[in-house]
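Colleague: Here it is, the structure in full.
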């Protein structure tokens, strides 16, 4: 289960230990999400996990979405906390509530 007090633990580590803890927190967040895929990418500006195909789309709109690899890139405390406080379900509720009913909503199957 994801630890709610992860920020305290992150602040006590440095260097490689810090990266291992950040990666562990991000993978715990991935397990808690309701995604059907195993995404290796995240938009740290929106607080969502995305697949490889969607990461390419998000990289083309840098004024809206900043993309990082969950496993390869460095993450700072603020980015990990933002991912923990938001997530895919919160973003979906926030952004899809403003979509007109005739707009197409992307699904997991679009990434196959």
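In this note's numbering, the protein residues as written are 1 to 112.
Where is the CB? At the ideal position from N, CA and C, for every residue including glycine.
(1) Please report the straight-line C-alpha distance between residue 59 and residue 67, rounded to a whole angstrom.
(2) With DSSP as the reference, label residue 68 as helix, strand or coil.
(3) Starting from the N-terminal side, write out each stretch of the beta strand (DSSP E) that is 3 residues or longer and does not extend beyond the segment 33–109.
(4) Rank 50, 76 and 74 by C-alpha distance to the C-alpha of residue 106 and give the top, closest one.
(5) Suppose you measure from the CA of residue 29 to the CA of residue 110; what does that come to, to the nearest Å?
(6) How close, in whole Å, do the beta carbons of residue 65 and residue 40 come, if the pair is a contact with beta carbons under 8 Å?
(7) Taking the alpha-carbon positions, what's the residue 52 to residue 63 distance?
(8) What's the C-alpha gap between residue 73 and residue 93?
(9) How about residue 47 and residue 91: do their beta carbons lie closer than 8 Å?
Modeller: The structure says:
(1) Going by the C-alpha atoms only, they are around 6 Å apart.
(2) Taken through DSSP and simplified to helix, strand or coil, residue 68 comes out as strand.
(3) If we require 3 residues or more, the beta strand (DSSP E) runs fully inside the segment 33–109 come out as 41–43, 48–50 and 67–69.
(4) Closest by alpha carbon: 50.
(5) For residue 29 and residue 110, the distance between alpha carbons rounds to 23 Å.
(6) Incorrect: roughly 16 Å between the Cβ atoms, too far for contact.
(7) Going by the C-alpha atoms only, they are around 19 Å apart.
(8) Looking at the two C-alpha atoms, the distance is approximately 27 Å.
(9) The criterion of a C-beta distance shorter than 8 Å is satisfied by residue 47 and residue 91.
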